[in-house]
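**Student:** The sequence shown begins at 538 in the working numbering and counts up by one.
Beta carbons are placed, not taken as given, at the ideal position from N, Cα and C, and that holds for glycine.
Here it is, the structure, as structure tokens.
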Amino acid sequence: RYIKEHTKHIIVTAQHMESLKPGRGMGHVLPESLKAAGAGAVVLNHAENPLTVHELYAAVQRAKELGLLTIVCADSVTEGEALARFNPDILLCEPTDLIGTGETAGDNYIFDACSKIKAVNPDIAVMIASGITTADDCYRVIFLGAEGTGATSGIFECADPAVRVEEMTKAIIQADRDKRKRGLYKMSVYKTTIKLQSNGGEPTFINITDEVRQLLLTAVFKTEFARLFHPIRRVLCFLKNMCTIRMKRY
């Protein structure tokens, strides 16, 4: 409550809460108690305190009832995509194995998480964390599509935490500016389908290079980069599972 009463730009965030309502609940975290203490947001389903799917959904709904922002954690891209259907305010995607290691998620993880979550609900803000240690880490995460990031050991284990926070903040602001300048701020997802017919019972090779090229040209890409996904690895076997295609501006 002290922080809430003496600051203007900080959203006090609780580490956890449960879906219970006032009444019986010895030893549990009552949402109303967080609200009364000045919290404006809550983290749910962190790797160190995971929730069942049922409890997580119920907790998100209770937070919404009280006007608390929800920051829901997800380990994999698949989990993030699934939890996006709960419509939290923020999805914090961070590979559990990388937490506190100083090793960050790869570019493909960042792009996949952002694009697939936005495809489910474009209003969800995406944060990418795990291993965030430097200002460069923050810049890369924001520039590749996330709206936010976070760090703990990367700040408190450095020589000067205050300086590190300032460096990270400046990097995030700069990445956001650079993203806007390049027209990358709004991530759009173009969906279409190419129907294929196999011979049945035997391997089938179908060259769809021309169809893919035409679809890429048809899609309204605002930058020179496009990402192509395919869910079935046996199809499009001569394309990488994730490929970056450079395109000229038209």
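(1) So, helix, strand or coil for Ile731, using DSSP?
(2) Got a sec, what are the start and stop residues for the beta strand (DSSP E) Leu606 sits in?
(3) Ordered along the chain, which non-local residues of its own chain (more than five positions away) have a Cβ less than 7 Å from that of Asp660?
(4) Roughly how many angstroms separate the alpha carbons of Val590 and Ile547, rounded to a whole number?
(5) For Val580, list the residues DSSP reports as bridge partners.
(6) Determine the burial state of Ser667: buried for a count of at least 16 other Cβ atoms within 10 Å of its Cβ, exposed for fewer.
(7) State the start and end residues of the unbroken alpha helix (DSSP H) segment that holds Ile743.
(8) Taking the alpha-carbon of Met554 as reference, which of Leu603, Gly639 and Arg538 has the nearest alpha-carbon?
(9) So if DSSP puts Gly685 in a beta bridge, which residue, or which two residues, is it bridged to?
(10) Ends of the beta strand (DSSP E) at Leu836?
(11) Counting along the chain, where does the alpha helix (DSSP H) carrying Asn645 start and finish?
(12) State the Cα-Cα distance for the pair Val757 and Ile679, rounded to the nearest angstrom.
(13) Output needed for Gly685: all residues of its chain with C-beta closer than 6 Å, excluding positions within five of it in sequence on either side, in chain order.
(14) Below 8 Å, can you find three or more Cβ-Cβ pairs linking the stretch 608-621 to the stretch 635-655?
(15) Identify every residue that forms a DSSP beta bridge with Ala551.
(16) If we call anything under 7 Å between Cβ atoms a contact, is Arg538 one with Gly577?
(17) Taking just the CA atoms, how far does Cys610 sit from Leu581?
(18) Where does His546 sit, in a helix, a strand or coil, going by DSSP?
(19) Going by C-alpha to C-alpha distance, which of Ile627, Ile636 and Asp674 sits closest to Asp644?
(20) When you compare only the Cα positions, how much space is there between Thr533 and Asp697?
**Tutor:** Let's see:
(1) Of the three classes helix, strand and coil, the one that applies to Ile731 here is coil, per DSSP.
(2) Residues Leu606 to Ala611.
(3) none
(4) 30 Å
(5) Ile608
(6) buried
(7) Looking at the DSSP string, Ile743 is not in any alpha helix (DSSP H), and its letter there is neither H nor E.
(8) Leu603
(9) Met664
(10) There is no way to answer for residue 836, as the model of the chain reaches only from 538 to 787.
(11) Secondary structure note for Asn645: its alpha helix (DSSP H) is the uninterrupted segment Asp644 to Val657.
(12) Low confidence applies to Val757: its pLDDT is 44, below 50, so where it sits in the model is not reliable enough to give any reading.
(13) Met664
(14) yes
(15) Val579
(16) no
(17) 6 Å
(18) coil
(19) Asp674
(20) Any property of residue 533 remains undetermined from this structure, which presents the chain solely from 538 to 787.
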